[in-house]
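Numbering (this note's numbering), first residue to last: 34 to 368.
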Amino acid sequence: MPIDGDTFITTEGFVFNVFGYEHPENRVFAFLKYIPAEFKTLFNIDFLERTWTYGTRQLIRAENLYSAQNYSTFLKVFKTNFPSFVYFCPFRGKEVISAALNSICKVFIPRECLRLIADLEVKDSLQQMTLDFINLVSRESDVSFDDFGIHGSVALGMHSDSSDIDVVVYGSRNFRKLEQAIERLVEAGKLSYCFSNRIDAARRFKGKYNGRTFMYNAIRKPEETHEKYGSCKYSPIMPIALTCIVKDDNEAMFRPAIYRIENCQPANSASRISEEKLPQFVVSMISCYRNVARQGDNIQINGTLEKVENLQTGGIHYQVVVGTGAREDEHVWPI
């Protein structure tokens, strides 16, 4: 079963990134990354001017991958033209984008993609730079090369001279070691950070290596995956805006990003809730809000309060979900 961080191509030529670690039997939740150019007229959205080529097929990409409006458009287009990609989730009570496993013709696993490049007898300049970068941070962090992977256009073999180095590391402890190693390498002048907004500055996941942009993110190891699809029922209650303190950041680097929180305070009168409904977690479905805060940090949240019922134990808790696809203003801001 594909997991978060894996990329797959369907028989129609759509390229998806797998989302999360809980999936229905014979299906996988995913978000749409690249669209075959021949389907462009079906999607009433803004596209990047750049195109990509996979095999003989030209691919295009949405200008904003994570907007609620674009997700709604994707869902409508699939429902009308490719209904097999729409799945009604009974545990969330809504339709979501999901691919049947039998519609997948190729899966790209980051760890395996890195091995394939390492084994190439002849490598192009970006492939070699990617290996050099990973070897550098592997040595500095004392994280095994085997715990690294690559995704993005380099992994799919459709990169260009302007492509980024898109790295993943498996495991939360390895991620923290890598994070610290990159900070040391920046201080030594071997790397530099590259921030374009306050979220980039909080995450510190993006930088420059020999003039090339790199990014790094985390994927759970199998022993770090605890929940199974169908074990919980999720019921949205209301939009909510809060300030709170991060109590635990051990799962903040993954997707979805999970922050255990405490000391919640309503940010407006409409967000006042009873003591019993105070959320214990913030769960961000939006990738850019991974690792934006650490234990002890204050954060501002705008999302949807959700009731979570464990269908096996009957236990109930509450959480705030950011990135429900219902509104554009959902976010996690470090204060």
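We put the beta carbon where it would ideally sit given N, CA and C, even for glycine. All figures in this text were calculated on a predicted structure; none of them were measured in a lab.
Paired residues, beta bridge with V325 - DSSP:
Sequence index remark: in the sequence shown, residue 325 carries index 292 (1-based). Under DSSP, V325 forms no beta bridge with any residue.
Just reading off the alpha helix (DSSP H) that A133 is part of, what are its end residues?
The residue given as residue 133 occupies position 100 in the sequence shown. DSSP places A133 outside any alpha helix (DSSP H); the residue lies instead in the beta strand (DSSP E), whose first and last residues are K127 to A133.
Does DSSP put C227 in a helix, in a strand, or in coil?
Working through the sequence shown from its first residue, we reach residue 227 at position 194. DSSP, read as helix, strand or coil, puts C227 in coil.
Top-ranked residue by Cα proximity to K340, from F115, P312 and I215:
Taking the sequence shown and counting its residues from 1, the one referred to as residue 340 is at position 307. Minimum Cα distance to K340 is reached at P312.
Using only alpha-carbon positions, find the residue among N114, Y67, I291 and E309 that is nearest to V325.
Taking the first residue of the sequence shown as 1, we reach residue 325 at position 292. The option with the nearest alpha carbon to V325 is I291.
Under 8 Å between the Cβ atoms of M162 and R245?
The residue labelled residue 162 in the question sits at position 129 within the sequence shown. The residue labelled residue 245 in the question sits at position 212 within the sequence shown. With contacts defined by Cβ atoms closer than 8 Å, M162 and R245 form a contacting pair.
As assigned by DSSP and simplified to three states, the class of F62
Counting from 1 along the sequence shown, the entry for residue 62 is found at position 29. Taken through DSSP and simplified to helix, strand or coil, F62 comes out as strand.
In its own chain, which residues sit with a C-beta less than 6 Å from the C-beta of Q333, not counting the 5 before and 5 after it?
Within the sequence shown, residue 333 is the residue found at index 300, counting from 1. For Q333, same chain residues with a beta-carbon under 6 Å away, outside a window of 5 residues either side, are T276, W366 and I368 in chain order.
Check whether the Cβ atoms of L51 and P35 lie closer than 8 Å to each other.
On the sequence shown, position 18 is the one that residue 51 refers to. On the sequence shown, position 2 is the one that residue 35 refers to. It should be noted that the sequence gives Val, not Leu, for residue 51. Yes, they are a contact pair.
Does the separation of the CB atoms of V170 and I215 fall below 8 Å?
Looking up residue 170 in the sequence shown gives position 137. Looking up residue 215 in the sequence shown gives position 182. Contact flag set, yes.
Where DSSP assigns a beta bridge to M34, which residues make up the other side?
Along the sequence shown, one-based indexing puts residue 34 at 1. Its beta-bridge partners do not exist; DSSP assigns none.
Tell me the residue span of the beta strand (DSSP E) that contains Y104.
For the purposes of this step, residue 104 is taken as the residue at position 71 of the sequence shown. DSSP places Y104 in no beta strand (DSSP E) but in the uninterrupted alpha helix (DSSP H) bounded by A101 to N114.
Determine which residues share a DSSP beta bridge with F314 and list them.
Locating residue 314 in the sequence shown gives position 281, counting from the first residue. DSSP output for F314 lists R293 and Q352 as bridge partner(s).
Helix, strand or coil, according to DSSP, for R217 in the structure here?
Locating residue 217 in the sequence shown gives position 184, counting from the first residue. If DSSP states are grouped into helix, strand and coil, R217 belongs with the helices.
Does the stretch 209-223 come within contact of the stretch 338-356, defined as at least 3 CB pairs closer than 8 Å?
These segments do not touch.
Considering Cα atoms alone, identify which of V279, R125 and A188 is closest to P57.
Indexing the sequence shown from 1 puts residue 57 at position 24. Out of V279, R125 and A188, R125 has the C-alpha closest to the C-alpha of P57.
Below 8 Å between beta carbons: does that hold for G182 and R144?
Against the sequence shown, residue 182 aligns to sequence position 149. Against the sequence shown, residue 144 aligns to sequence position 111. Against a cut-off of 8 Å, the Cβ pair of R144 and G182 comes out as a contact.
Sequence ranges, beta strand (DSSP E) only - wholly within the stretch 164-203, length at least 3:
Fully enclosed beta strand (DSSP E) runs of 3 or longer: 181-183 and 198-203.
Using beta-carbon positions only, say whether Y242 and V200 come within less than 8 Å of one another.
For this step, residue 242 is matched to residue 209 along the sequence shown. For this step, residue 200 is matched to residue 167 along the sequence shown. Judged by their CB atoms, Y242 and V200 are not nearer to each other than the 8 Å cut-off.
Work out the CA separation of H184 and Q160 for me, nearest whole Å.
As a working mapping, residue 160 is identified with position 127 in the sequence shown. As a working mapping, residue 184 is identified with position 151 in the sequence shown. Our two residues, Q160 and H184, have alpha carbons roughly 12 Å apart in a direct line.
Identify, in the order they occur along the chain, each residue of the same chain with its Cβ nearer than 6 Å to the Cβ of A234, setting aside the five sequence neighbours on each side.
Taking the sequence shown and counting its residues from 1, one reaches residue 234 at position 201. F228.
Measuring only the C-alpha atoms, how far is H364 from R237?
Taking the sequence shown and counting its residues from 1, the one referred to as residue 364 is at position 331. Taking the sequence shown and counting its residues from 1, the one referred to as residue 237 is at position 204. So the two alpha carbons sit approximately 18 Å from each other.
Taking Cβ positions, are T81 and R94 nearer each other than 8 Å?
Locating residue 81 in the sequence shown gives position 48, where the first residue counts as 1. Locating residue 94 in the sequence shown gives position 61, where the first residue counts as 1. The question names Thr, but residue 81 is Leu in the sequence shown. Cβ distance < 8 Å, so L81 and R94 count as in contact.
Look at the alpha carbon of V427 and the alpha carbon of N168, and state the distance between them as a whole number of angstroms.
Look at the range of the chain in this structure, 34 to 368, and you will see that residue 427 is not part of it.
Return yes when the Cβ of P299 is within less than 8 Å of the Cβ of M318, no when it is not.
As a first step, residue 318 must be located in the sequence shown, where it is residue number 285. As a first step, residue 299 must be located in the sequence shown, where it is residue number 266. With respect to the 8 Å criterion, M318 and P299 are not classified as neighbours on the basis of their beta carbons.
Take K310 as the anchor and find which of T337, D79, E284 and A359 has the nearest alpha-carbon.
The residue labelled residue 310 in the question sits at position 277 within the sequence shown. Out of T337, D79, E284 and A359, T337 has the C-alpha closest to the C-alpha of K310.
Leaving out five residues before and five after R90 in sequence, what residues of the same chain have Cβ atoms less than 6 Å from its Cβ?
As a first step, residue 90 must be located in the sequence shown, where it is residue number 57. Cβ-Cβ distances below 6 Å link R90 to G46 and P69 in the same chain, with the five nearest sequence neighbours on each side left out; the list follows chain order.
Which same chain residues, not among the five before or five after S174, have their C-beta less than 6 Å away from its C-beta?
Taking the first residue of the sequence shown as 1, we reach residue 174 at position 141. Once the five neighbours on either side are set aside, the close Cβ partners of S174 are K210, L211 and A214.
Which same chain residues end up closer than 8 Å to L92 when comparing Cβ atoms and leaving out the 5 residues on each side of it in sequence?
As a working mapping, residue 92 is identified with position 59 in the sequence shown. Counting only Cβ-Cβ distances below 8 Å, and skipping sequence neighbours, we find G46, V48, Y67, I68, P69, A70, T84, W85, T86 and M191.
CB-CB under 7 Å to Y267, same chain, minus the five flanking residues each way: which ones, in chain order?
The residue you call residue 267 lines up with position 234 of the sequence shown. Within the same chain, Y267 has close Cβ partners F124, R125, E339 and V341.
How long is the line joining the alpha carbons of Y226 and I232, rounded to whole angstroms?
On the sequence shown, residue 226 is found 193 positions in, with the first residue counted as 1. On the sequence shown, residue 232 is found 199 positions in, with the first residue counted as 1. Approximately 13 Å between the Cα atoms of the pair.
Identity of the residue in F141, R293, L65 and E284 nearest H350 by Cα
The residue given as residue 350 occupies position 317 in the sequence shown. The option with the nearest alpha carbon to H350 is R293.
Between the C-alpha atoms of K223 and K127, what's the straight-line distance to the nearest angstrom?
Sequence index remark: in the sequence shown, residue 223 carries index 190 (1-based). Sequence index remark: in the sequence shown, residue 127 carries index 94 (1-based). It is roughly 48 Å from the alpha-carbon of K223 to the alpha-carbon of K127.
Determine the burial state of M286: buried for a count of at least 16 other Cβ atoms within 10 Å of its Cβ, exposed for fewer.
Position 253 of the sequence shown, counted from the start, is the residue given in the question as residue 286. That one is buried.
If you follow the beta strand (DSSP E) that A274 is part of, which residue opens it and which one closes it?
To locate residue 274, count along the sequence shown from 1; it is residue 241. For A274, the enclosing beta strand (DSSP E) starts and ends at C265 to E284.
Nearest by alpha-carbon distance to M271: which of R360, A63 and L147 is it?
Position 238 of the sequence shown, counting from 1, holds the residue named residue 271. The option with the nearest alpha carbon to M271 is R360.
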